[in-house]
Structure formats: structure tokens, C-alpha cells
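Working notes, beginning with the structure itself.
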Ligand SMILES: Nc1nc2c(ncn2[C@@H]2O[C@H](COP(=O)(O)OP(=O)(O)OP(=O)(O)O)[C@@H](O)[C@H]2O)c(=O)[nH]1
Ligand SMILES: [Mg+2]
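Numbering (my numbering), first residue to last: 2 to 457.
So this is what it looks like as C-alpha cells:
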């Protein structure tokens, strides 16, 4: 990436819309925009202050191609930290592409995927964790995950990491000074104090590592299988949660043969649902393949929505299914509550922590189900104002840093020299610097921005 160039890209979705934004960033952004933009007030963009805008038209070869609003941002007060002009033009796919072409012809070059955010990183506007959060905000599918990603973007996680790093740096500096300059009047390193500082750092790192599971739940959702014997209403439940007819529903037992998948967002939680074939002694080959697939899904899912038909008595197939979900987080759904009830619920209640009654056909009981899922996964307890780590890169570096702090604590415990302790603390600091991007290779930076879209 050549940071001296001026780049441009369409920053909004490439489809017909009310407006589209073309973002131009780099030292020459304002000069380039002035070559094609004529303000109705005749003001030149280069004479405008940052955070101001003008209404005008875009011209190419003397031909007016669109009217637009140009907003000027002056370095360093912009998203990238560079001069930026955002041209908000009409959102037609063709007209937007023409305006972008005009910007290229005036001297800008095409931005790479994630290049605006990459420049923001190189210009110190964001650290690597905050840059990753930008992508998380864009890809968020639930209110809670946006909230959590915004916290990270605003620096909540970086602040915690910086605090841990500062405490470790403080100790490493003291240890080094004390070892390297014995003739100076440097106060002796006190083992107890060092140990307690390291223990605090380790606890904080452990808490951050623990937040990963919550981060994954909020971001990627919970893999959930809808299981039960045939005809209990699994597909009806699937359709209710999906909000449309995803699965085929009939009164014939054995309707669903294959796995039907859909990802749904319910308030603060995302469920990656799999509707499965009714589990029982299958009559034909096709059905038995479906039943095998259902059993496999049952054993791999993170959450089981186990459906029972309350208008019928409990049968052996139901009991077998109850037996196979024993060690998996499960919710018993006693369906068809609108019909005369024949099911003895006691057997179910004694096997499930969460039992809810619903009528999937009449959309009754869905809130009880959502609340039960939240209780099973303690989603309501996830503190989205407390920074969560979201990805493997962050998790593995935090674990490595924590292991080094742990090694330092062990070294102290077994009475090793302070030199050995210092080495482990410095290693932990290096991992934390890599986490925030202070010390990081180009390869890592490229990997982080690899998944970004063009225009961001
Ligand atoms: N009265 C009533 N009928 C329901 C309810 N839920 C589902 N049904 C009916 O039960 C029948 C079976 O529903 P499905 O959703 O296809 O059941 P399934 O468990 O997916 O069945 P298979 O795919 O065959 O295993 C259909 O006729 C549904 O309309 C309910 O809450 N109340
Ligand atoms: Mg079905």
C-alpha cells in the first residue's frame, strides 16, 4: 500500500438507493474533487473548512453527470486521518459508477478492500483491535453484537489491554533498571508487590479470554437443532422463528427428510437453526438417511430445541430422544398447547431445566422460548458495555500473553532469578503490542484487512 496516493471507492452498497457515497482520501483528495465538482455557490472545495459541505454538480468533459453534496474533511480530522472528500450523489448504480470514473480520471486511484480503515490504522486513528471492530459492526446481525462491537470500536478493549500492558511495562522497567544499574539508587524490587501486580494482570487477561465465548454467541449465533419425533411441529416452529415458510409443513408424519437451515435474529440472539427429520424407526431408506442426519445434528449442536406433541401421550421415541439430549444444553418445547392435552409433563420436567409450552401453529409462546434460550446461554447477563473479544487472532494473542504472565508468576514462586521473570513479562508485553497493532508485521495487518469490503 502506497500511503502517498489518493484513493477513491464507492462506500455505500452497490445497488439502487436514495444516495451513494464516493469517498476520496489522500493528500490530493480536495484538489482532485475540485477538478470535477462545481459548487452552486462557486466556492472551491479547497477554500472550505473541514466538516463543511456544499451542494453542486459533477462534470466530466464539460458534461454534467450528477448533482451531489460534497463534504470536506481536513487532515487529521477525518476517518482516515487524511484529507477526505465524500461525494453524496444519486444512488443509481450507473450514475455512481460514472462519478467514480470521473474521480479516477481526475487523479485518484482505486482503493483496495479495507484501505480507508488501513490508512486510519497507519495514521494512528484506530488500533488494530478497533479496526477489527469496524468490520464487526458492519457484519453484526443483532442489536447486542452491534452494541458490543461499538464498545470495542470506541476503545473499551484497547483501554483494558493498555492498562494491563502499562502495569507490566512498569514492572519490567523497574526490574531492568534495578538489574542494569546496581550502582544507582534504584529501590529494590519487592517480590510480594511484583507477584500481586502479575496476579492482577493474569486475572484481567483471563477475564478477557473468557469473554470470547460470549463474543462468539453475540456475533455468530448459537447452532441450534430442532429435534423430536415425527409430526410434533418442528417445521412449524422453524417457520415461526424464521418468519416465513422455510420448511414444508404437512399433517403427514415424516415430511421433513433433509436438514433445513436458517439463521434468525431474535432480539439479542442469533440462532443458526437446523430443522431435522423426525427421529424414529424409519420406514424407508430415504427417511432413515434423514433420521441419521438428524441424530448427527443432535450430537453436534450447541443447543437443542426438543419438541413434544402435548396432544398425544409420551411414546418410546420421545423417551429415546430425551435420553440422547441429556448432556447438551436443551429446552423442552411442549407444542400444540391449543389442542386437548394428553401429555404427562412430569417425565419431561424431570429431565429438562427449561420447559416451555407453546402453540407453534398459533405463534403462542415464542417470547417464553426466547427468554428460555437467553437463560440457558445467560445472554442477558452478557455485559456488552464490558469489552468482548471477537476473533481468533485476539483470543490466541491474549492467551499467549496470559501464559507468559503465568510463567512469570511460576518463576517467582519457585525462586528463579528476576532475570527469568523479566523475560516472561517482556514476552507478554510483546504479545499485547501485537494485539493492539503497535508491533505487528505487514503480513498480520494484511490478514486483518483481508476480509474488509472495498470502500471501508
Ligand atoms: N394444533 C396444532 N397443530 C400444530 C401445531 N404445530 C404444528 N401443528 C401441525 O402438526 C402437523 C405437523 O407439523 P410439522 O411442523 O410438519 O411437524 P414436524 O415435526 O416437522 O413433522 P416431520 O417433518 O414429519 O417430522 C401439521 O399439520 C401442523 O399444522 C400446533 O401448535 N398446534
Ligand atoms: Mg418437519
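Think of the CB as a built atom: it goes at the ideal place given N, C-alpha and C, for glycine as much as any other residue.
Set against 7 Å, the gap from the CB of residue 276 to the closest heavy atom of ligand 2 is smaller. Judged by beta-carbon spacing, residue 406 lies beyond the 8 Å limit of residue 388, meaning their Cβ atoms are not closer than that value. Residues 9, 11, 23 of the same chain have their beta carbon placed closer than 7 Å to that of residue 101, with the five preceding and five following residues left out of the count. Collapsing the DSSP output to three states places residue 59 in a strand. Assigned with DSSP and collapsed to three states, residue 344 falls in coil, not helix or strand. Separation of residue 268 and residue 371 (C-alpha to C-alpha, rounded to the nearest whole angstrom) is 8 Å. Residue pairing from DSSP places residue 274 in a beta bridge opposite 225, 263.
Put simply, of 403, 435, 441 the residue whose alpha carbon is nearest the alpha carbon of residue 200 is 403.
In the three-state scheme derived from DSSP, where H, G and I count as helix and E and B as strand, residue 279 is classed as coil. Following the DSSP letters along the chain, one finds residue 9 inside the beta strand (DSSP E) bounded by residues 8-11. Burial is judged here by how many other beta carbons sit within 10 angstroms of a residue's own beta carbon; residue 281 has at least 16 and is buried.
The straight-line gap separating the alpha-carbon atoms of residue 87 and residue 217 is approximately 34 Å. In the structure shown, residue 163 adopts helical secondary structure according to DSSP, grouped into three states.
Bridge pairing for residue 336: 310 [DSSP]. One alpha carbon belongs to residue 114, the other to residue 16, and they sit about 18 Å apart. Bounds of the alpha helix (DSSP H) holding residue 406 are 393-414. Take residue 352, set aside five residues on each side of it, and the residues of its chain with a beta-carbon closer than 7 Å to its own are 323, in chain order. Using a cutoff of 7 Å, the CB of residue 252 does not count as near ligand 2, since none of the ligand's heavy atoms is closer than that. The continuous stretches of beta strand (DSSP E) do not include residue 186, and DSSP gives it neither H nor E. Going by C-alpha positions, residue 414 is about 27 Å away from residue 185.
Positions of the alpha helix (DSSP H) runs, each at least 4 residues long and wholly inside the segment 94-148, are given as 94-106, 116-123, 129-140 in order along the chain. Taking the C-beta atoms as reference points, residue 356 is found no nearer than 8 Å to residue 367.
For residue 437, the CB stays at least 7 Å from every heavy atom of ligand 2. Residue 448 sits in a helix when the DSSP states are folded into three classes.
No heavy atom of ligand 1 is found nearer than 7 Å to the CB of residue 98.
Shortest gap from the CB of residue 222 to any heavy atom of ligand 1: 7 Å or more. Distances from the alpha-carbon of residue 238 to those of 338, 346, 136, 347 put 338 closest. A direct Cα-Cα distance of roughly 33 Å separates residue 307 from residue 139. Spatial neighbours of residue 377 in its own chain (CB-CB distance under 7 Å, excluding positions within 5 residues in sequence) are listed in chain order as 304, 330, 332, 355.
If you check the C-beta of residue 256 against ligand 2, you find a heavy atom less than 7 Å away. DSSP places residue 230 in the coil class of the three-state scheme, outside both helix and strand. Listed in chain order, the non-local C-beta contacts of residue 39 below 7 Å within the same chain comprise 57, 58, 60, local neighbours out to five positions each way being set aside. Relative to the non-hydrogen atoms of ligand 1, the Cβ of residue 340 comes within a distance shorter than 7 Å of at least one. The segment 162-181 and the segment 429-449 touch, with three or more beta-carbon pairs separated by less than 8 Å.
Counting the other Cβ atoms within 10 Å of the Cβ of residue 261 gives 16 or more, which makes it buried.
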